[in-house]
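Accompanying notes for the structure given below.
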Amino acid sequence: MGFDRLRNKTFIGEDLHLNRYYEFVDREGNVRRDVDYFIREPNPRSIPSIWNRWLAFRVSDPPTHEDVVKEDQRQRSIKEKAKIFEEEDLKLRVQEMEYKKQQQNNLDNRNIIPKQ
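Here the working numbering runs 30 ahead of the position in the sequence shown, where the first position is 1.
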C-alpha cells in the first residue's frame with residue numbers, strides 16, 4: 031500500500047477499470063473510504079460490486095487482484111447467460127405468436143360460409 035501525501039490518503043488498490051481506492055481518516059477521526067475514478071466524470075455504476083462492498087464497509091479487507099479478476103469473470107458469465115436466455119425467450123415468443131396467428135387463421139377459415 032502506498033501513501034498519497036498530497037491528499038493524506040492511503041492507496042488500497044485498483045480495479046480493472048483503473049479506478050483507484052483509498053482509505054483515510056477524516057478530521058473527526060473516522061476512517062473513510064474513497065474512490066478516484068479513472069474517467070474524471072464520476073460514475074458510481076463503474077465501481078465493481080466487489081469494491082463497492084469494501085467502500086460501504088460491508089467487508090473489512092479490500093479485494094485482492096485475484097478476487098477482482100474472478101468477480102469480473104463471474105459478471106461476464108452472468109451477462110452472457112442472460113443474453114442467451116433473452117435470445118431464446120424471443121424465439122419462443124415469436125413461435126408462440128406465429129402459432130396463435132395460425133390457430134386464428136384456422137378458425138377464420140372454418141367460419142367462412144361458401145357463397146351459393
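The beta carbon of each residue, even a glycine, is placed where N, CA and C say it ideally should be.
Bear in mind the structure is a predicted one, so any value in this text is a computation, not a measurement.
With distance defined between alpha-carbon atoms, name the residue in the options nearest to residue i.
i, options, result
"Ser-79", "Gln-105, Glu-116 and Thr-40", "Gln-105"
"Asn-38", "Asn-49, Arg-62 and Leu-48", "Arg-62"
"Arg-70", "Ser-90, His-47 and Gln-134", "His-47"
"Ser-76", "Gln-125, Asn-49, Pro-92 and Tyr-129", "Asn-49"
"His-95", "Thr-40, Tyr-51 and Arg-140", "Tyr-51"
Looking at residue j and residue i, is the spacing between their C-beta atoms short of 8 Å?
i, j, result
"Tyr-67", "Asn-73", "yes"
"Leu-85", "Val-55", "no"
"Asp-45", "Val-98", "yes"
"Ile-42", "Glu-58", "no"
Taking DSSP's pairing of strands, which residues face residue i in a bridge?
i, result
"Val-55", "Val-61"
"Arg-50", "Glu-44 and Asp-66"
Ranges of the alpha helix (DSSP H) found wholly within the stretch 64-118, counting only runs of at least 4: The stretch 64-118 contains, as complete alpha helix (DSSP H) runs of 4+ residues, the segments 79-85 (chain order).
contact_flag[the stretch 81-99, the stretch 108-115] where n(CB pairs < 8 Å) is 3 or more: No, the stretch 81-99 does not touch the stretch 108-115.
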